[in-house]
Amino acid sequence: MFNYLIFILVLFLSFNASSKDIDEKIKDFLLNNPEIILQSLENFEKKKIAEKKKIDNKIIVENKKQILSSENGMYSGNVKSENIIVEFFDYNCSYCKKAHQDILKIKQSKNNVKIIYKNFPILSENSKKLAGIALVIAKDSNEVFNKFHNLIMSKKGPVTKDYLKDVLNDLGYDQEKIKNSLNSEYVKDQLYIDRELSEKLSLRGTPAFIVNDKLFFGYIGYDELVFHIEN
Numbered sequence: 096m097f098n099y100l101i102f103i104l105v106l107f108l109s110f111n112a113s114s115k116d117i118d119e120k121i122k123d124f125l126l127n128n129p130e131i132i133l134q135s136l137e138n139f140e141k142k143k144i145a146e147k148k149k150i151d152n153k154i155i156v157e158n159k160k161q162i163l164s165s166e167n168g169m170y171s172g173n174v175k176s177e178n179i180i181v182e183f184f185d186y187n188c189s190y191c192k193k194a195h196q197d198i199l200k201i202k203q204s205k206n207n208v209k210i211i212y213k214n215f216p217i218l219s220e221n222s223k224k225l226a227g228i229a230l231v232i233a234k235d236s237n238e239v240f241n242k243f244h245n246l247i248m249s250k251k252g253p254v255t256k257d258y259l260k261d262v263l264n265d266l267g268y269d270q271e272k273i274k275n276s277l278n279s280e281y282v283k284d285q286l287y288i289d290r291e292l293s294e295k296l297s298l299r300g301t302p303a304f305i306v307n308d309k310l311f312f313g314y315i316g317y318d319e320l321v322f323h324i325e326n
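Counting with the numbering used here, you get residues 96 to 326 for the letters of the sequence shown.
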């Protein structure tokens with residue numbers, strides 16, 4: 096690559112030619128050596144990715160306290176562990192539900208991982224409602240929240256009103272109490288906090304993960320999650 100650049104530089108400096116002649120020579124050279132353009136694009140993409148990672152790392156460091164906060168009760172696993180997976184999710188996201196099965200597998204196979212859940216309800220009003228219900232339940236009991244979370248995330252297809260009603264009844268929650276709590280300042284504040292954090296991280300979809308201070312967009316699978324936990 097360096098030799099090619101030297102060649103082009105020599106063209107500029109050595110030939111007593113018009114700019115048109117030089118343009119033609121450069122054009123001919125690039126047409127005969129297309130790998131230069133491909134290499135340049137590849138290097139540019141690598142540079143962009145590296146710069147994005149630096150920015151992401153800076154944002155994570157600056158907002159680490161907020162990222163690792165689980166005071167609202169939306170967490171599972173080993174609460175004292177320093178191996179932490181932070182998941183931004185939507186209760187109606189099919190890939191989030193797929194990722195949930197990976198999380199369950201990790202919890203079963205490893206006892207040194209904490210999972211912190213961040214609401215990012217972007218798909219529908221129903222998503223926002225489910226996020227609010229999760230916050231109400233988590234405030235009351237982390238144990239019951241985990242039951243609710245698992246029942247909703249393990250449901251194939253959309254969460255219907257009847258299914259949600261059955262889940263809440265099984266967990267011992269009064270429908271009217273839940274409905275009234277959804278408009279509370281607590282729920283509004285918690286949803287705002289998570290939304291603000293997602294904006295700082297430039298999240299555009301779900302799921303998204305922060306695993307031991309590294310940010311990942313989209314579904315990454317069990318093996319990838321475990322790799323970054325262990326490294």
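Cβ coordinates follow ideal geometry from the N, Cα and C atoms, glycine included.
Query                                                                                               : Result
Cross-strand partners of A194 (DSSP beta bridge)                                                    : BP columns for A194 are empty, so no partner.
Nearest-angstrom beta carbon gap, F304 and F311 [assumed within contact, 8 angstroms]               : 5 angstroms
Environment of Y212 [buried if 16+ CB atoms lie within 10 Å]                                        : buried
Segments assigned alpha helix (DSSP H), at least 4 residues, entirely inside the segment 164 to 242 : 189 to 204, 220 to 235
Cβ neighbour criterion (16 or more within 10 Å) applied to D261                                     : exposed
Identity of the residue in Y258, K224, N264, D235 nearest F215 by Cα                                : K224
Secondary structure of F97, DSSP reduced to three states                                            : Low per-residue confidence applies at F97: pLDDT is 49, beneath 50, and the placement is therefore not dependable, though the value from the model is reported in the following sentence. F97 falls in the helix class under three-state DSSP.
Residue range of the unbroken alpha helix (DSSP H) whose run includes L259                          : 256 to 265
Separation of V156 from S219, as counted between CA atoms                                           : 31 angstroms
Through-space distance from L246 to E319, alpha-carbon basis                                        : 25 angstroms
Cβ-based burial, Y281 [other Cβ within 10 Å; buried from 16]                                        : exposed
Distance between K309 and Y268 (C-alpha atoms, nearest Å)                                           : 37 angstroms
Test item: CB-CB of G168 and K234 under 8 angstroms                                                 : yes
Option nearest N187 by Cα separation, candidates N158, N128, P253, I201                             : P253
Three-state class that DSSP yields for K251 in the structure shown                                  : coil
DSSP-derived helix/strand/coil call for F133                                                        : It should be noted that the sequence gives Leu, not Phe, for residue 133. Three-state result, L133: helix.
Span separating the alpha-carbon of Y317 from that of T255                                          : 28 angstroms
Beta-carbon gap between V231 and I273 smaller than 8 angstroms                                      : yes
Host alpha helix (DSSP H) of I162 (start-end)                                                       : 159 to 162
Residue span of the alpha helix (DSSP H) that contains I305, given as start and end                 : First-last for I305: 303 to 306, but that is the beta strand (DSSP E), not the alpha helix (DSSP H).
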